[in-house]
Amino acid sequence: MNMAEKYVIGIDLGGTNIKGALLGFQGNIIEKYEIATLANAGPEVVANRIVQVAKILIKDLGDRVAGLGIGVPGQPDQSTGSVIFAPNLRWRNVPLIPMLKPSLGFPMFLENDANAAALGEKWCGAGRDAVNMVAITIGTGIGGGVIINGRLYRGSSGSAGEIGHTVVLPDGPQCNCGNRGCLETLTAAPALLRQAQIAIDRGRTTSLATVENLAARDVFKAAENGDGVALEIIGEMTHYLSLGLANLINILNPDLIVVGGGVSRAGELLFRPLREKTLACALPSAAQAVKIVPAQLGNDAGSIGAGAVVLQELDLL
């Protein structure tokens with residue numbers, strides 16, 4: 000296979016949009032295309048829209064497309080090509096790859112979206128030089144992917160890397176997984192907004208009280224401007240996030256942790272205290288070996304990572 004003449008397609012399947020990218024074997028984006036998912040219309044409609052995106056990206060490339068990868072917001076079964084569970088899509092046991100095969104004649108692979116993003120960062124992002132790394136994505140929830148010896152590690156049942164559902168505060172806030180005090184309930188965007196609203200309801204002085212449609216980025220912006228409430232919220236977030244990362248460091252001993260998602264754009268306001276607190280909690284030998292850095296791929300992480308899945312599954316990565 001002449002790698003210079005081959006391409007892969009990466010599909011980031013979200014609850015709102017389907018993002019597709021045609022990629023070269025170096026991770027370079029040749030073309031992108033995005034359409035609405037229309038998840039409420041059902042799996043068959045979504046599958047047809049994936050085919051639509053793929054065909055727009057393929058154009059006249061024919062057999063120069065090595066394969067297509069799909070990052071799904073849930074649990075895939077790689078052996079059958081089915082999506083076992085994807086809450087944002089309201090899917091259970093959807094045979095997605097079999098549904099696509101009649102229309103697309105090249106190899107196709109499914110992967111959890113957080114795992115795909117981790118592999119993308121390893122392929123051509125912040126993790127290019129890493130051997131063992133963890134990538135976490137912080138948004139409305141927290142996802143994670145683990146790379147060991149340069150390859151994605153899924154675990155025995157495909158659920159490796161679920162750092163968002165590790166408990167860091169017993170008897171803490173209820174999580175949608177059924178447990179209490181999961182990292183996700185204390186550090187994801189809804190947690191920041193919950194803490195901000197509590198402060199506002201208590202009558203505390205904060206610029207956040209005047210912001211309409213408050214978002215996590217507003218909390219970080221207020222903290223940058225010295226808002227005391229916002230600084231407290233970010234301080235609490237980094238405290239719990241550092242506990243989760245320190246546990247990962249002690250267990251996996253990675254050389255790199257990549258932090259992505261919207262909060263990663265907060266810069267050193269987030270990363271300086273996060274590094275300090277995390278490394279203070281981790282074992283000294285493990286702390287000395289690891290770097291904590293922001294992700295590089297931004298909104299393209301999902302589609303690039305899905306393309307990287309193709310290369311890994313074909314032993315080309």
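Residue numbering for the sequence shown follows numbering that gives the first Met the number 0, starting at 0 and increasing by one per position.
Just so you know, even glycine gets a beta-carbon here, dropped at the ideal spot from N, CA and C.
Note that the structure is predicted; figures quoted are calculated from it, not measured.
For secondary structure counted as the beta strand (DSSP E) over 3 or more consecutive residues, the region 210–294 holds these complete runs in sequence order: 255–260 and 290–293.
If the five residues before and after I248 are omitted, its C-beta is found closer than 6 Å to the C-beta atoms of A281, A285 and V289, all from its own chain and listed in chain order.
Rounded to whole angstroms, L268 and L12 show a C-alpha spacing of 31 Å.
Beta-bridge partners of C176 (DSSP): none assigned.
Contact between the region 16–31 and the region 101–118 is absent: fewer than three C-beta pairs spanning the two stretches fall below 8 Å. Between the region 238–246 and the region 270–280, the count of Cβ pairs shorter than 8 Å is three or higher; the stretches touch. Shown here for V130: same chain residues with a beta carbon closer than 7 Å to its own, the five before and five after excluded, namely N148, G149 and D254 in chain order. Looking from the CA of L296, the closest CA among D76, W122 and G180 belongs to W122.
Taken through DSSP and simplified to helix, strand or coil, K31 comes out as strand.
Note that the C-beta distance between I135 and G142 is below 8 Å. For N111, the three-state secondary structure derived from DSSP is strand.
Here R179 has D170, G171 and Q173 as same chain residues with Cβ atoms under 6 Å from its own Cβ, once five neighbours each way along the sequence are excluded.
Contact between the region 299–307 and the region 98–106 is absent, with fewer than three C-beta pairs closer than 8 Å. In this structure, Q194 sits away from E161, with a CB-CB distance that is not shorter than 8 Å. Contact check between the region 69–78 and the region 19–29: fewer than three CB pairs, one atom from each, fall below 8 Å, which does not count as touching. It is roughly 5 Å from the alpha-carbon of L273 to the alpha-carbon of T237.
The C-alpha of M107 is placed about 14 Å away from the C-alpha of A20. Rounded to the nearest whole angstrom, the CA to CA distance from E43 to A117 is 28 Å.
Every alpha helix (DSSP H) of 4 residues or more that sits fully in the region 10–96 is shown, in chain order, as 42–57. Counting of Cβ neighbours within 10 angstroms places I49 among the buried residues, the total reaching 16 or more. Scanning its chain for C-beta atoms nearer than 8 Å, with the 5 sequence neighbours on each side dropped, one finds around Q311 the residues L118, R150 and L151, in chain order. The C-alpha of T186 lies about 12 Å from the C-alpha of S263. In its chain, beyond the 5 residues on either side, Y6 and I29 have a beta carbon closer than 7 Å to the beta carbon of G23.
The shortest C-alpha to C-alpha distance from L191 to any of A229, N252, C176 and P86 is the one to A229. For R89, the CB contacts under 7 Å within the same chain, skipping 5 residues up- and downstream, are A38 in chain order. Bridge partners of A134 according to DSSP: G144 and V257. Look at R193 here: in three-state DSSP terms it is helix. Judged by DSSP in its simplified three-state form, V309 adopts helix. In the displayed model, L182 falls within a helix according to three-state DSSP. By the C-beta density criterion, D226 is buried, having at least 16 other C-beta atoms within 10 angstroms.
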